[in-house]
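The next block holds one structure in the form of structure tokens; read it before the comments.
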Amino acid sequence: MTAAGQAMHFQTRAGQQLRDAVLQRALRKARPLFVGKRARGMAGLAADGLDFESLRSTAKNIRNRTLADLDVWLAIFEERATASGAEVLWARDGEEVARLVVDLAKRHGVSLATKSKSMLSEEARLNEALAAAGVRPVETDLGEYIVQLAGEPPSHIIAPAVHKTLGQVESLFAEAHGRPPVDRGADDIPVMAREARAVLRQHFLSAEMGISGANFLIAETGSAALVTNEGNGRMVTTLPRLHVVITGIEKVVPMLEDFATLMRLLPRSATGQAISNYVSLLTGTKRPGDLDGPEKTVFILVDNGRAKLLGSDYQDMLRCIRCGACMNHCPVYFALGGHAYGWVYPGPMGSVLTPLLTGLDKAPDLPHASTGCNQCGSVCPVDIPLPELMHRLREEQVERRLQPWPERLALGLWGGLARRPALYRRATRLAARYLDWLAEGSGRIRIFGLAPQWTAGRDLPVAAGRTFHELYAARKRD
Amino acid sequence: MTARDEILARVRQGVGRGDFAARRAAAEAALQAAQRGPQPAIVADPAADLASRLRDKAASLASTVDTVADWAAAPAAVARYLVAHELGEAAVATPEVATLDWAGAGLQVAGRGAEDADRVGISGCFCGIAETGTLLLLSGAATPATVSLLPETHIALLAASRIVATLEDAFALVRAEHGSLPRALNFISGPSRTGDIEQTIVLGAHGPCRVHLILIGDAS
Ligand code: SF4
């Protein structure tokens, strides 16, 4: 798992990713698929007589209502989850999550833990903590399994291995499964999925602890809702004797009817499916007479920077249901891939959430990772104004003087000039001539020394060699 | 301060309102009201044929669907499917449906939870959901969850009279018949799948590779 500090280096990483040809090939292939899937999902909604806008305003309202009384809904959830036989624990931050899980593992003699995808366990760097405590964590979502073998963090919240090509997956499998690598084509993908199934099946059967996230917590019933396609979520929550659910405090929704509304949007926004293959509502523990299910279920409700967003300018971000649609429609995400964002959450939602949860000073570039196209905002199923929130973060950077230093320097110089009109005119005239000279009259600059990263993947167009002031003056004379 | 108290204090501060008791009462009232969001067109359509909608949707999820007249005809239908797919004569079934006359159809069916070696699992369903072609299975002593999970082939028996229109209708049925929720409500929509290698969809990830639905007593 990357450290939060990695989000510091967005620009450097972005440059590396732009030059990585294999990554670029994987991303080029995925983008139209993601976009096409959601479009088909939306067409399905319309065919059922449902309207995206009215569904999303209902969904937005559900999330807003919950957040407005989050203290009440958390209290109801805790009471009912406890009454159904589960234990509810709380964690202030990622470190506390890791400590609680390691402690549970030790007390229950756990040596192997199977995991269904949990972004919060990435926030907590849980796998490292478990390994350090002698517990083997095994990711079981196929994409998560692939990135775990590669020793990398996920690069997408619903398609963790979207940056990996077939060939890369094959070499990872060959090495991990102790067999010689084979030349694989697209027709072999089912064979490879079967191989992973067989290996992971043994882990499912022997793990003493299952760790999952929760897509939602239902206050009414004290349940966790888990949505998966592979069935690994069901395995992890059915077979081991101990089940630990790790999730953010904002994931609660009032009741089953609200969950039903959100489920009409979540899979369609994520993968275009009308419903995911497996949706499970898990309540309490194994009941008397039951032949399966965990003997102990523990919820870990995590803050890690969320509570302080309540009532702030950024509260809207807490509506997020982690569908991934914003990154699937983001030109910046598809130019760079998820790893460039440096922390758990990539794409537009990551550009907002990472600075909010880890500190704006630690992710200074992320609020700038936008083209302003607002595709993210228009597809978001809970109507989060992502570009607006990024804009607000940029304003906050200026107020707190946290912009990247070249920007601060440039703005400082410009500010000084702007207050001295004569000097300003002279300086801009000089600059315009200089740029024109750099462009050799072609109107484009290929490598611009003041912003080398900016011109590494594109040209800087140049004005006609005269400033606006000069042109304006000339026009007035005509 | 414990983590719990500290987090809840922060949440209360963020919420910024003191009238906890009044807001709690309003929340409880909202839970009673159980208000539904926008509903699909089939809900308002008196002529909607839920069984044929469920059949179509299940097929589009890559399940296969068969229809028989009554429960007594189910074992022979299962036997036909197993022969057609060369899946042998042995299966595990949930105790709930293990009482059907499987031997009469030439099958060896054990009523218990499933194990890794079981190739075929036979279960009933709590209900079917026409909107999405989904099967709802509840966990319980007579309905272990492993039967629909571990074997490569899951055969589900569903009475046509148990088909509802939407997820909300399914929740209403659970509340009416069970009161509180069992340990697991499993909504199953076709065989398990993954798209994690180059976005190529493969059926049969960790759950079953095949889901065969036998609708019982569908007059349509
Ligand atoms: S911000 Fe919106 S679109 Fe992005 S993951 Fe969250 S809910 Fe989905």
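In the order they appear, the protein sequences are chains D and G. Going by my numbering, the first sequence opens with residue 112, and the numbers climb by one from there. Going by my numbering, the second sequence opens with residue 110, and the numbers climb by one from there. Ideal placement from N, C-alpha and C gives every residue a C-beta, glycine not left out. What you are looking at is a predicted structure, and each value in this text was computed from that prediction instead of being measured.
Chain D contact for residue i (CB, 8 Å cutoff)
i	result
residue 227 of chain G	no
residue 288 of chain G	no
residue 222 of chain G	yes
residue 116 of chain G	yes
residue 241 of chain G	yes
residue 216 of chain G	no
residue 244 of chain G	no
residue 313 of chain G	yes
residue 230 of chain G	no
residue 172 of chain G	no
residue 248 of chain G	yes
residue 124 of chain G	yes
For residue i, the nearest candidate out of the options (CA to CA)
i	options	result
residue 327 of chain G	G:220, G:114, G:161 and G:312	G:161
residue 355 of chain D	D:280, D:197 and D:421	D:197
residue 161 of chain D	D:379, D:367 and D:220	D:379
residue 154 of chain D	D:376, D:396 and D:410	D:376
residue 133 of chain D	D:146, D:446 and D:357	D:446
residue 404 of chain D	G:275, G:223 and G:308	G:223
residue 304 of chain G	D:141, D:491, D:480 and D:492	D:141
residue 324 of chain D	D:333, D:315 and D:347	D:347
residue 321 of chain G	G:189, G:138, G:111 and G:143	G:189
residue 203 of chain G	G:212, G:191 and G:233	G:233
residue 316 of chain D	G:255, G:241 and G:116	G:255
residue 438 of chain D	D:387, D:426 and D:381	D:381
residue 223 of chain D	D:453, D:345, D:314 and D:384	D:314
residue 174 of chain D	G:157, G:221 and G:146	G:146
residue 241 of chain D	D:205, D:484, D:398 and D:119	D:205
In DSSP terms, what residue i is bridged to
i	result
residue 313 of chain D	Its beta-bridge partners do not exist; DSSP assigns none.
residue 333 of chain G	Not covered by the structure: residue 333 of chain G. The range shown for chain G is 110 to 329.
residue 407 of chain D	D:353
residue 250 of chain D	D:226
residue 198 of chain D	D:409
residue 359 of chain D	D:413
residue 334 of chain D	D:329
residue 450 of chain D	In DSSP, residue 450 of chain D forms no bridge with anything.
residue 505 of chain D	In the DSSP output, where bridge partners are listed per residue, residue 505 of chain D has none listed.
residue 320 of chain D	D:224 and D:353
residue 392 of chain D	D:336 and G:294
residue 264 of chain G	G:231 and G:321
residue 252 of chain G	G:249
residue 326 of chain G	Paired residues: none, contrary to the question.
Supposed close pair residue i, residue j - CB separation, criterion 8 Å
i	j	result
residue 237 of chain D	residue 209 of chain D	5 Å
residue 239 of chain G	residue 273 of chain G	7 Å
residue 303 of chain D	residue 306 of chain G	6 Å
residue 229 of chain G	residue 200 of chain G	4 Å
residue 277 of chain D	residue 300 of chain D	7 Å
residue 174 of chain G	residue 324 of chain G	7 Å
residue 312 of chain G	residue 171 of chain G	6 Å
residue 481 of chain D	residue 501 of chain D	5 Å
residue 413 of chain D	residue 336 of chain D	That belief does not hold up - the Cβ atoms of residue 413 of chain D and residue 336 of chain D are roughly 17 Å apart, past 8 Å.
Chain G within 8 Å of residue i, Cβ atoms only
i	result
residue 342 of chain D	yes
residue 209 of chain D	no
residue 153 of chain D	no
residue 568 of chain D	In this prediction, residue 568 of chain D scores a pLDDT of 47, lower than 50, which makes its location untrustworthy; no coordinate-derived value is stated.
residue 203 of chain D	yes
residue 300 of chain D	yes
residue 303 of chain D	yes
residue 222 of chain D	no
residue 503 of chain D	no
heavy atom of ligand 2 below 7 Å from residue i C-beta
i	result
residue 299 of chain G	As for ligand 2, it is missing from this structure, which binds only ligand 1.
Residues within the stretch 291–310 of chain G neighbouring chain D, beta-carbon criterion of under 8 Å: 291, 292, 293, 294, 295, 296, 297, 298, 299, 300, 301, 302, 303, 304, 305, 306, 307, 308 and 309
Interface residues of the stretch 354–376 of chain D facing chain G [CB-CB below 7 Å]: Taking 7 Å as the cut-off between beta carbons, the residues of the stretch 354–376 of chain D near chain G are 360, 365, 366, 367, 368, 371, 372 and 374, in sequence order.
Residues of the stretch 436–466 of chain D with Cβ closer than 8 Å to any Cβ of chain G, in chain order: none
Residues of the stretch 164–178 of chain D with Cβ closer than 7 Å to any Cβ of chain G, in chain order: Correct list: 165, 166 and 169.
Where the stretch 382–396 of chain D meets chain G: residues whose CB sits under 9 Å from a CB there: 382, 384, 385, 386, 387, 388, 389, 390, 391, 392, 393, 394, 395 and 396
Residues, ordered as in the chain, of the stretch 136–152 of chain G that lie near chain D by beta-carbon distance below 7 Å: Answer in chain order: 136, 139, 140, 143, 144, 145, 146, 147, 149 and 150.
Residues of the stretch 181–211 of chain G whose Cβ lies closer than 8 Å to any Cβ of chain D, in chain order: none
Residues within the stretch 252–263 of chain G neighbouring chain D, beta-carbon criterion of under 8 Å: 253, 254, 255 and 258
Contact set between the stretch 247–269 of chain D and chain G, restricted to residues whose Cβ is under 9 Å from the partner: 251, 252, 253, 254, 255, 256 and 257
Selection of the stretch 312–325 of chain D by Cβ proximity to chain G, strictly under 8 Å: So the list reads 312, 315 and 316, given in the order they occur along the chain.
Interfacial residues, the stretch 315–329 of chain G to chain D, with Cβ spacing under 7 Å: So the close ones are 315 and 316.
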